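Reviewing the structure listed below.
Residue numbers (my numbering): 918 to 1230.
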């Protein structure tokens, strides 16, 4: 793999770490600002909705503008919005910032996937896809299980400083990546290319269910800390074979779409689970049950579906 590829992986790691360092502490910090449980839940769901809703624009943005510029601008916007949220003092401000952060994060993740594929030799792209996905999952693991718990020890200000450093690392890594010019092909403004792979809908549902169960274990003061860490480690490790599975369900030139579909399913599940923490009492046992149900679904349905529908060897 080239130096540019390692740079884009470092950028991806730092981006996921920033987002998943700050998102899990949003409920606790919002309560200190006097916001209600409904406001917190709405903000998390709005982040998720915006992240998914911007999906049909991915192909157009990547075709019309410089992909590196799209990546850096959306990364910077997502990080800034995430930081400003914690200084907002009205529900409408938090909801607006969460929508902007979700849309920017969705654009950044897809732009990063596209660039990672573009700068990798065709014969190494499958391995590159897995390594790039693992870098994001590792950043997510670091944010959820290592950095966000520091909120209880260091407080918000120090944690925000760490997030700012990670944001700078992500942008600096992006700045060093060389992306060759590609002539626009003239795609329409709305397109499911680089957004959703219909053939992968069953594995996507399975991943969403697994991530949702994991998300239910993600409160700032969890009584199931070690189970949460174990679930996140499992999700991180599974990101590699899952990436391979989704890519094998894609036709030629759909590799980026397959990767984006996996990431959207995983991120949406975690965010929905985090929102569910606010409403499901004693959510730890429910999280464990849903994780086990997702495993059963994979063995009984998803694996057979994959073997029937895969198009790559």
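Beta carbons: idealized from backbone N, C-alpha and C, even for Gly. A quick note: this is a predicted structure, and the numbers were derived from the prediction, not measured.
With distances taken Cα to Cα, identify the nearest neighbour of residue 1037 among 1215, 919 and 976. Cα-wise, what sits closest to residue 1037 is 919.
Could you give the uninterrupted runs of the beta strand (DSSP E) lying entirely in the stretch 998 to 1080, keeping only those of 3 residues or more? Listed in chain order, nothing qualifies, since the stretch 998 to 1080 has no complete beta strand (DSSP E) run of 3 or more residues.
Can you tell which of 1135, 939 and 1178 has the C-alpha that lies nearest to the C-alpha of residue 1074? Shortest Cα-Cα distance from residue 1074 to any of 1135, 939 and 1178 involves 939.
Residue 1120 classed as buried or exposed, judged by whether at least 16 other C-beta atoms fall within 10 angstroms: So residue 1120 counts as buried.
Touch check for the stretch 924 to 937 and the stretch 1071 to 1091: three-plus C-beta pairs under 8 Å? Segment contact: the stretch 924 to 937 against the stretch 1071 to 1091, three or more CB-CB distances shorter than 8 Å; contact assigned.
Between residue 1059 and residue 1150, what straight-line distance do the alpha-carbon atoms span, to the nearest angstrom? Answer to the nearest angstrom: the Cα atoms are 10 Å apart.
For residue 1011, which residues in the same chain have their Cβ closer than 8 Å to its Cβ, ignoring the five residues on either side in sequence? Cβ neighbours of residue 1011 beyond the five flanking positions: 947, 952, 956, 960, 1002 and 1005.
Shortest alpha-carbon distance to residue 994 belongs to which of 1162, 1007 and 1024? Checked all of 1162, 1007 and 1024; the closest Cα to residue 994 is 1024.
8 Å contact criterion, which residue 1020 and residue 984 should meet: CB distance rounded: Cβ-Cβ separation between residue 1020 and residue 984: approximately 17 Å, too far for a contact (criterion under 8 Å).
Where residue 1228 falls: helix, strand or coil (DSSP): Assignment of residue 1228 by DSSP, reduced to helix, strand and coil, places it in the coil class.
For a test of the three-state rule: what should DSSP assign to residue 975, helix, strand or coil? The answer is helix: DSSP assigns residue 975 an H, G or I state.
Helix, strand or coil for residue 1200 per DSSP? Per DSSP, reduced to three states, the secondary structure at residue 1200 is helical.
Rounded Cβ spacing between residue 1128 and residue 1155 (contact assumed at less than 8 Å): In this structure, residue 1128 and residue 1155 do not form a Cβ contact; the two beta carbons are roughly 10 Å apart against a cut-off of 8 Å.
Rounded to whole angstroms, what is the Cα-Cα separation between residue 1082 and residue 1068? In a straight line, the C-alpha of residue 1082 is about 16 Å away from that of residue 1068.
Here's a check: name, in chain order, each residue in its chain whose Cβ is nearer than 7 Å to the Cβ of residue 986, leaving out the five neighbours to either side. Within the same chain, residue 986 has no close Cβ partners at all.
Around the Cβ of residue 1007, are there at least 16 other Cβ atoms within 10 angstroms (buried) or fewer (exposed)? By the Cβ-count criterion, residue 1007 is exposed, with fewer than 16 other Cβ atoms from all chains shown falling within 10 Å of its own Cβ.
Apart from the five residues just before and just after residue 1042, which ones in its own chain have a Cβ nearer than 7 Å to its Cβ? Closer than 7 Å at the Cβ level, and outside the excluded window around residue 1042, lie 1034 and 1172.
According to DSSP, simplified to helix, strand and coil, what is residue 1194? Residue state, collapsed to three classes: coil.
According to DSSP, is residue 927 helix, strand or coil? Note: residue 927 maps to helix in three-state DSSP.
Just to check my reading of the structure: residue 1051 and residue 1123 have Cβ atoms closer than 8 Å, yes? What is that Cβ distance to the nearest angstrom? That belief does not hold up - the Cβ atoms of residue 1051 and residue 1123 are roughly 19 Å apart, past 8 Å.
Delimiting residues of the alpha helix (DSSP H) encompassing residue 963: Annotation for residue 963: the continuous alpha helix (DSSP H) segment containing it runs 954 to 970.
Continuous alpha helix (DSSP H) stretch holding residue 1162: start and end: Following the DSSP letters along the chain, one finds residue 1162 inside the alpha helix (DSSP H) bounded by residues 1142 to 1165.
Am I right that residue 1187 and residue 1131 are in contact with their C-beta atoms under 8 Å? What's the rounded C-beta distance? Right, their Cβ atoms sit about 6 Å apart.
Grab me the residues of residue 1178's own chain with a C-beta within less than 7 Å of its C-beta, minus the 5 sequence neighbours each way, in chain order. When the five nearest sequence neighbours on each side are left out, the beta carbons in the same chain lying within less than 7 Å of the beta carbon of residue 1178 are those of 1113, 1114, 1117, 1121 and 1163, in order along the chain.
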